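Trainee:
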Amino acid sequence: MITKPKGTYDILPEESLKWAKLENVFRRVCAICNYEEIRTPIFEQYETFHRDNKDSSDMVNKETYDFIDRGERKMTLRPEGTAGCVRAYVENKLYVNNKVTKLFYYGPMFRYERPQKGRYRQFYQFGLEAYGPKSPYLDVDIISTAIMLFKAIGLKNLRVRINSLGDKESRDNYRDVLVKYFTENIDSLCADCKDRLTKNPLRILDCKVDKNNDVLLNAPQIGKYLNNQSKEHFNKVLALLDELNIEYVVDPHLVRGLDYYSDTVFEVEYISDALGNQNVICAGGRYNDLVKDLGGPDIPGVGLAFGMDRILLALANEGINIVNPKSLHYFLITLGEEAKEAGEKIIYNSRLKGFKCDMSYQNASLKAQFKEADYNNAMFTLILGEDELTNKKINVKNNHTKEQVSIEIDKINEYLLGEINKCQNCGGKCHEKSTN
Ligand code: ATP
Ligand code: MG
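In the working numbering, the protein residues as written are 3 to 438.
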């Protein structure tokens, strides 16, 4: 038997309903907040992510799926969405109108990781990107859109952690202090962090090896080294969040896994042990130089990505069900070949009118077909046998009220619609409900 690749999983029908629902909620929130969809390729040229070896992150250096295609071109399966979006933004000159461009994307990302719960080699991100002036209002537009999403799906027990990495000048000042500090404490650093000391010392603060390492906990904090401009930007972001009653904690040691961030960075954590080290379900920040680095004009950006896999795990852990169970308006049971042929026509006509319906395709007993109707959670079971066919009628059983009536075949859609609308069982919501 051929099995799925390590670190991937199949999303089976029952689960995929939840994915579809979550995606729909995201799309609705994006429409409300005026983010438009962009779809970029799943693979990009290698250089889109490996920019002159500027990035020292694990993701870029150890986790990408790189390959040479049959035309000897070096390619990378996208490990994240931002770089591809920025590449498309620049290549398609979306900046020409000098407007703010607000985009969202959704799709699979690929990282060669050590698979565990909430950490996969193919996983799904829903992301937001905003390109425009370096305005704290845009940072808050992004963060508040994330909050709206979490409100829409009813996920609580969340903590927003936020920090500022400042502009380049601030970061350079801080970097010097940090290098001095970590050099003095080099023996307490893990092998990777010793390497980071020369490449990107800020990333040492993001070390996953020992989060309780005193040397990390006592490291100098960037706040002290922010210049006035960076401080002003960050304080404005915090003040605006306060205005919106969005709760956050300032985490002075929060840096992000990718090297392109500047100024605001943030993460949304799901407060629970259920996901272990994988409890960050949304993360993002500002990247002021990425558009320029990818050959575009000097336009800053800010964005975030939701880890869809982890959000679904968190929802399951909270016992929150976002989808209605699978259901049909009706399931048709037939007895005999002639009834089956007529039945095929009946369901086709109903489907054209928008009814969700199906019939049994097995030559099964009446009992087995009733079971199939149950399995499909049908509101009505329609029964068509030879006698009914002769009388041009069909038996309709309402599975909510258990009532059974005989209806003319030609009137069936009309009748069902009337019944669905007046259904007392669910306040007339059956029709809506069964469309998920
Ligand atoms: P982590 O620290 O958990 O490795 P990250 O900093 O590498 O996360 P980002 O690159 O910021 O993650 O991606 C944004 C979000 O995508 C993460 O907060 C997480 O929810 C999700 N994510 C990242 N990597 C994976 C993965 N391998 N499997 C599932 N979800 C992931
Ligand atoms: Mg990672």
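C-beta atoms are modelled at their ideal positions from N, C-alpha and C, and glycine is treated no differently. Since this is a predicted model, take the numbers as computed values, not measurements.
Can you tell which of 345, 310, 361, 251 has the C-alpha that lies nearest to the C-alpha of residue 379?
Mentor: Numbered from 1 along the sequence shown, position 377 holds the residue referred to as residue 379. When each option's Cα is compared against that of residue 379, the closest is 361.
Trainee: Within this structure, are the beta carbons of residue 165 and residue 304 separated by less than 8 Å?
Mentor: In the sequence shown, the residue the question calls residue 165 occupies position 163. In the sequence shown, the residue the question calls residue 304 occupies position 302. No. Outside cutoff.
Trainee: For a test of your reading of the model: does the CB of residue 310 fall under 7 Å from any non-hydrogen atom of the ligand MG? Yes or no.
Mentor: Along the sequence shown, one-based indexing puts residue 310 at 308. Flag unset: Cβ of residue 310 not near the ligand MG.
Trainee: DSSP three-state label for residue 3, please.
Mentor: By 1-based counting over the sequence shown, the position of residue 3 is 1. Note: residue 3 maps to coil in three-state DSSP.
Trainee: Give the C-beta separation of residue 112 and residue 124 to the nearest angstrom, bearing in mind that I take them to be a contact with Cβ-Cβ under 8 Å.
Mentor: As a working note, residue 112 is residue 110 in the sequence shown. As a working note, residue 124 is residue 122 in the sequence shown. About 6 Å separates the beta carbons of residue 112 and residue 124, which is inside the 8 Å limit, making them a contact pair.
Trainee: Closest to residue 37 by C-alpha separation, out of 344, 215, 219, 148, would be which residue?
Mentor: Indexing the sequence shown from 1 puts residue 37 at position 35. Of the candidates 344, 215, 219, 148, the one whose C-alpha sits nearest the C-alpha of residue 37 is 148.
Trainee: Taking only heavy atoms of the ligand MG into account, decide whether any of them is closer than 7 Å to the Cβ of residue 111.
Mentor: Taking the first residue of the sequence shown as 1, we reach residue 111 at position 109. It does not: the Cβ of residue 111 is nowhere closer than 7 Å to a heavy atom of the ligand MG.
Trainee: When the Cα atoms are used, what is the spatial distance from residue 397 to residue 356?
Mentor: Taking the sequence shown and counting its residues from 1, one reaches residue 397 at position 395. Taking the sequence shown and counting its residues from 1, one reaches residue 356 at position 354. If you take the alpha carbons of residue 397 and residue 356, they lie about 21 Å apart.
Trainee: With a threshold of 7 Å, establish whether the CB of residue 118 neighbours any heavy atom of the ligand ADP.
Mentor: This structure lacks the ligand ADP; its bound ligands are the ligand ATP and the ligand MG.
Trainee: For residue 286, write down the residues that DSSP places opposite it in a beta bridge.
Mentor: Numbered from 1 along the sequence shown, position 284 holds the residue referred to as residue 286. Residue 286 is bridged to 268, 306.
Trainee: Kindly indicate which three-state DSSP category residue 166 falls into: helix, strand or coil?
Mentor: Stepping through the sequence shown from its first residue, residue 166 is reached at position 164. In this structure, residue 166 counts as strand in the three-state DSSP scheme.
Trainee: Can you check whether the C-beta of residue 229 is within less than 8 Å of a C-beta belonging to chain B?
Mentor: Going by chain labels, chain B is absent from the structure shown, which holds only one protein chain.
Trainee: Over the uninterrupted alpha helix (DSSP H) stretch that includes residue 54, give me the two end residues.
Mentor: Position 52 of the sequence shown, counted from the first residue, corresponds to residue 54. Residue 54 -> no alpha helix (DSSP H), and no H or E assigned at all.
Trainee: Measuring alpha carbon to alpha carbon, tell me which of 354, 155, 69, 67 ends up nearest residue 321.
Mentor: On the sequence shown, residue 321 is found 319 positions in, with the first residue counted as 1. Scanning 354, 155, 69, 67 for the CA closest to the CA of residue 321 turns up 155.
Trainee: Could you tell me which uninterrupted beta strand (DSSP E) segments, each at least 3 residues in length, are contained entirely in the segment 288 to 350, listed from first to last along the chain?
Mentor: 303 to 309, 330 to 336
Trainee: To the nearest angstrom, report how far apart residue 39 and residue 236 are at their CA atoms.
Mentor: Within the sequence shown, residue 39 is the residue found at index 37, counting from 1. Within the sequence shown, residue 236 is the residue found at index 234, counting from 1. Their Cα atoms are separated by approximately 28 Å.
Trainee: In or out: residue 168 buried (at least 16 other Cβ within 10 Å) or exposed?
Mentor: The residue labelled residue 168 in the question sits at position 166 within the sequence shown. That one is buried.
Trainee: Could you tell me the boundaries of the alpha helix (DSSP H) in which residue 32 lies?
Mentor: Counting from one through the sequence shown, the residue named residue 32 turns up at place 30. Unbroken alpha helix (DSSP H) run through residue 32: 15 to 34.
Trainee: Less than 7 Å separating the Cβ of residue 61 from some heavy atom of the ligand MG?
Mentor: For the purposes of this step, residue 61 is taken as the residue at position 59 of the sequence shown. Yes - the ligand MG has a heavy atom lying nearer than 7 Å to the Cβ of residue 61.
Trainee: Just checking residue 268 against the ligand ATP - is the residue's beta carbon closer than 7 Å to any of the ligand's heavy atoms?
Mentor: For the purposes of this step, residue 268 is taken as residue 266 along the sequence shown, with counting starting at 1. No, since every heavy atom of the ligand ATP falls outside the 7 Å radius drawn around the Cβ of residue 268.
Trainee: Three or more C-beta pairs under 8 Å: does that hold for the segment 245 to 263 against the segment 206 to 217?
Mentor: Yes, the segment 245 to 263 is in contact with the segment 206 to 217.
Trainee: By DSSP, does residue 356 sit in helix, in strand, or in coil?
Mentor: The residue given as residue 356 occupies position 354 in the sequence shown. The three-state secondary structure of residue 356, taken from DSSP, is coil.
Trainee: Where residue 444 and residue 231 are concerned, what is the direct C-alpha to C-alpha distance, given to the nearest angstrom?
Mentor: The chain is shown from 3 up to 438; residue 444 falls before or after that span and cannot be answered.
Trainee: With burial defined as no fewer than 16 other Cβ atoms inside 10 Å of the residue's Cβ, what is the status of residue 375: buried or exposed?
Mentor: In the sequence shown, residue 375 corresponds to position 373, counting from 1. Buried, by the Cβ-count rule.
Trainee: Measure the CB-CB distance between residue 335 and residue 382 and report whether it falls below 8 Å.
Mentor: For the purposes of this step, residue 335 is taken as the residue at position 333 of the sequence shown. For the purposes of this step, residue 382 is taken as the residue at position 380 of the sequence shown. With contacts defined as CB atoms closer than 8 Å, residue 335 and residue 382 fail to qualify as a contacting pair.
Trainee: Would you check if there are 3 or more beta carbon pairs closer than 8 Å linking the segment 57 to 69 to the segment 78 to 93?
Mentor: yes
Trainee: What are the residues that DSSP puts in a beta bridge with residue 245?
Mentor: As a position in the sequence shown, residue 245 is number 243, starting the count at 1. Paired residue(s): none; residue 245 is not in a bridge.
Trainee: Would you say residue 285 touches the ligand ATP, meaning its beta carbon is less than 7 Å from a heavy atom?
Mentor: Here residue 285 corresponds to residue number 283 of the sequence shown, with the count starting at 1. It does: the Cβ of residue 285 is within 7 Å (strictly closer) of some heavy atom of the ligand ATP.
Trainee: Roughly how many angstroms separate the alpha carbons of residue 173 and residue 116, rounded to a whole number?
Mentor: The count along the sequence shown starts at 1 and reaches residue 173 at position 171. The count along the sequence shown starts at 1 and reaches residue 116 at position 114. If you take the alpha carbons of residue 173 and residue 116, they lie about 31 Å apart.
Trainee: Per the contact definition of three or more C-beta pairs closer than 8 Å, is the segment 315 to 329 in contact with the segment 269 to 285?
Mentor: The segment 269 to 285, when compared against the segment 315 to 329, does touch it at the 8 Å Cβ threshold.
Trainee: Under a three-way DSSP split, which group does residue 182 fall into?
Mentor: For the purposes of this step, residue 182 is taken as residue 180 along the sequence shown, with counting starting at 1. In the structure shown, residue 182 sits in a helix (DSSP, three-state: H, G or I).
Trainee: Leaving out the 5 sequence neighbours to the left and right, which residues in its chain are closer than 6 Å to residue 161 when beta-carbon positions are compared?
Mentor: Residue numbering aside, residue 161 sits at position 159 when the sequence shown is read from its first letter. Within the same chain, residue 161 has close Cβ partners 271, 273.
Trainee: Can you round the beta-carbon distance between residue 293 and residue 301 to whole angstroms, since I take them to be within the 8 Å contact cut?
Mentor: By 1-based counting over the sequence shown, the position of residue 293 is 291. By 1-based counting over the sequence shown, the position of residue 301 is 299. Their Cβ separation, rounded to whole angstroms, is 5 Å, which keeps residue 293 and residue 301 in contact under 8 Å.
Trainee: Where does the unbroken alpha helix (DSSP H) through residue 199 begin, and where does it stop?
Mentor: Taking the first residue of the sequence shown as position 1, residue 199 is located at position 197. Counting along the chain, the alpha helix (DSSP H) containing residue 199 begins and ends at 193 to 201.
Trainee: Comparing C-alpha positions only, which one of 228, 114, 352 sits nearest to residue 60?
Mentor: Taking the sequence shown and counting its residues from 1, one reaches residue 60 at position 58. Cα-wise, what sits closest to residue 60 is 114.
Trainee: Is the segment 22 to 31 touching the segment 132 to 139 in the sense that three or more CB pairs, one from each, lie closer than 8 Å?
Mentor: no
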